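Working notes, beginning with the structure itself.
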Amino acid sequence: MDAATIDPFTIDFSCDINDSTKCRLAEEVCKRAGTMLASILDIVQPISVKVMFVSFCQTYGKCGSTNGGGSIILGSARPAISHLMTDTLDGNRVREYPQALLKQFDNINPHPEYSGQDIIAMFNSDADWYFDHENSSPIQAEQTSFLLIVLHEYIHGLGFLSNYSNDLYLKFQKLASDLDTFLTPKRYVPVTAVPMYASAPNLMSPQGFWGFLESAFDKFFYHRAANGTFIPVSAITDYLNQFQGGNILFNSLLEFVADWLNSPQCQVATALAKEAVTPNTFMLMDPNNQDNDVTSALYTSASEFMPGTSISHVDTKTYKDTSDFLMIPSVETNGMTLDDILKTRQATHPLGKHLVQFLTALGYRQSIDAGTSKGLVIYQPPNDLVGTTS
């Protein structure tokens, strides 16, 4: 197919409100956002996006902000499908790569079996949206640019998302009191794992541990060491994966919890959580690019770790008034259209220099770039993983 005929972002849009005009305008903005991204990124294989425009209050019972304030959740997005890939250029580390990203690589052979949607996005129809359109009336003071939020969430769906979280801490907190917060990447569960070993049904059931998995984003995630230099968080992941050899079937979930809490890996994970609420400790850096001007400070300014917000956004104070504003946590600027926001920051496009640099390092390309596999091959799990079937 001629590349000129390819629609770079295909939008599967659904709307649950009885307002056909609002639904139509929302869908048009979702398509426009894809076109804007494709004007900077060379999308060689179409990226499919499932967009749901729904009432978060009626559908999910989320009728106010998560912190009890007056604002509401505007939207969210994530990769719909990720594939495990071995990075032969980075010590054969295994990470999760968004399908949307892998589809842009020409030279992965064999490539994963691609299926379904690439990105899932949800936007809250309860919000007071301004649908950026040529014929729109002036934006009102309480309105939020829908285009701005759609662009922000699409970037998350493209892979601006860390696998580091407090999920394991929250699970263990139910079983052990007075825990200090700790952060780990997502736990790896082999596809052949016996279900009861993957998620113990009760405290005395056997529980498997097969290590932790970074996301593609985490390859570029750096933290400030004691001497002030920044080192890759992947080195921490490597150490966390040494816990009990990274391949063990515990006699019970309680044994898993006890062994983890008494391990040196838990101490390292706890120290990382403290860094996550200390300004200027986390950065996005490309080890293959020595231009320090294109590193990005990540969001670590909250008083406590915020799942989905901490790490997976850039620092508000550093970037809110710059051309790299798009991926700050609270990007919405009520009463300003996207064009207004760009003008005040003397920007011509919502993708700033730092963001484009990161997306390029991740593997997306601009029109001048040649395709590359980034040294990725499909991950083949070893045959000796405990608690799995052949």
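In terms of our numbering, the sequence shown is residues 429 to 818. No residue lacks a Cβ here, since even glycine has one placed at the ideal position from N, Cα and C. Since this is a predicted model, take the numbers as computed values, not measurements.
To the nearest whole angstrom, what separates the beta carbons of ASP646 and SER662, a pair I think is in contact under 8 Å?
About 7 Å; that satisfies the 8 Å criterion.
Distance check for THR463 and TYR488, CA to CA, integer angstroms please.
Those two C-alpha atoms are separated by around 30 Å.
For SER553 and SER573, I'd like the C-alpha separation in whole angstroms.
Roughly 13 Å separates the two Cα atoms.
Relative to the alpha-carbon of ALA704, which residue among VAL482, LEU766, LEU726 and ILE501 has its alpha-carbon at the smallest distance?
Answer by Cα proximity: LEU726.
Is it the case that the Cβ atoms of ILE509 and ASP546 are separated by a distance below 8 Å?
The answer is yes: Cβ separation under 8 Å.
According to DSSP, is VAL622 helix, strand or coil?
Reduced to three states, the DSSP call for VAL622 is coil.
Should ASN717 go down as buried or exposed, given a rule of 16 or more other Cβ atoms within 10 Å for buried?
Exposed, by the Cβ-count rule.
Quickly, what does DSSP pair GLU524 with across the bridge? List them, please.
The partner list for GLU524 (beta bridge, DSSP) reads LEU512 and SER643.
Is the number of C-beta pairs between the stretch 638 to 653 and the stretch 588 to 603 that are closer than 8 Å three or more?
Yes, they touch.
For a test of the three-state rule: what should DSSP assign to GLN635, helix, strand or coil?
GLN635: strand per DSSP, three-state reduction.
Please give me, in chain order, every unbroken run of the beta strand (DSSP E) with length at least 3 that falls completely inside the stretch 466 to 491.
Within the stretch 466 to 491, the complete beta strand (DSSP E) runs of at least 3 residues are 475 to 482.
So, with DSSP's three-state summary, where would you put LYS614?
Strand, per DSSP.
Just curious, the beta strand (DSSP E) that ALA549 is in, first and last residue?
547 to 552 is the span of the beta strand (DSSP E), which, as asked, contains ALA549.
Going along the chain, which residues of its own chain have a beta-carbon closer than 6 Å to the beta-carbon of ILE445, five neighbours each way excluded?
SER553.
Run the proximity test for THR765: is its beta-carbon closer than 7 Å to any non-hydrogen atom belonging to the ligand GDP?
Here there are no bound small molecules, and the ligand GDP is not part of this structure.
With a Cβ-Cβ cutoff of 8 Å, do ASP560 and LEU579 count as a contact?
Against a cut-off of 8 Å, the Cβ pair of LEU579 and ASP560 comes out as no contact.
At the level of alpha carbons, what is the spacing between LEU779 and LEU631?
C-alpha separation (whole angstroms): 47 Å.
Please identify the residue among ILE439, ILE664, PHE684 and THR665 whose C-alpha is closest to the C-alpha of VAL477.
If we check each option's Cα against that of VAL477, ILE439 comes out closest.
Less than 8 Å between the beta carbons of LEU641 and GLU541, yes or no?
Taking 8 Å as the Cβ cut-off, LEU641 and GLU541 do not qualify as a contacting pair.
Helix, strand or coil: how does DSSP classify HIS782 here?
If DSSP states are grouped into helix, strand and coil, HIS782 belongs with the helices.
Report the option in ALA461, PHE481 and GLN571 whose CA atom is closest to the CA atom of TYR760.
Note that residue 760 is Glu in the sequence shown here, rather than Tyr. Here the closest residue by C-alpha is GLN571.
Which residues bound the beta strand (DSSP E) around PHE437?
Start and end: 437 to 443.
Which value, in whole angstroms, describes the spacing of the CA atoms of PHE441 and ALA549?
Using only the alpha carbons, I get a separation of about 10 Å.
Restricting to Cα atoms, I'd like to know which of LEU469, ALA454 and CYS451 is closest to PHE786.
The residue with the shortest Cα to Cα distance from PHE786 is LEU469.
Taking the beta strand (DSSP E) that ILE676 falls in, what are its first and last residues?
That run of the beta strand (DSSP E) goes 676 to 678.
Using the Cα positions of MET755 and THR765, report the straight-line distance between them to the nearest angstrom.
Going from the Cα of MET755 to the Cα of THR765 covers about 16 Å.
If you follow the beta strand (DSSP E) that PHE649 is part of, which residue opens it and which one closes it?
Per DSSP, PHE649 belongs to the beta strand (DSSP E) from 649 to 652.
Whose C-alpha, out of ALA697, LEU512 and ALA528, is nearest the C-alpha of ILE806?
Among ALA697, LEU512 and ALA528, the Cα nearest to that of ILE806 belongs to LEU512.
Between the Cα of THR817 and the Cα atoms of PRO809, TYR625, PHE684 and ALA621, which residue gives the shortest distance?
For the residues PRO809, TYR625, PHE684 and ALA621, the minimum Cα distance to THR817 belongs to ALA621.
Within 10 angstroms of its Cβ, does GLY791 collect 16 or more other Cβ (buried), or is it exposed?
Buried, by the Cβ-count rule.
Which stretch, first to last residue, makes up the beta strand (DSSP E) that contains SER504?
503 to 507 is the span of the beta strand (DSSP E), which, as asked, contains SER504.
Put TYR582 into one of helix, strand or coil per three-state DSSP.
Helix at TYR582.
Indicate whether LEU502 and PHE551 have their beta-carbon atoms separated by less than 8 Å.
Yes, these two residues count as a Cβ contact at 8 Å.
Check PRO711 in the structure and name its three-state DSSP category.
Checking the sequence shown, residue 711 turns out to be Met, not Pro. Note: MET711 maps to strand in three-state DSSP.
Which of helix, strand or coil does DSSP assign to PHE658?
PHE658 falls in the strand class under three-state DSSP.
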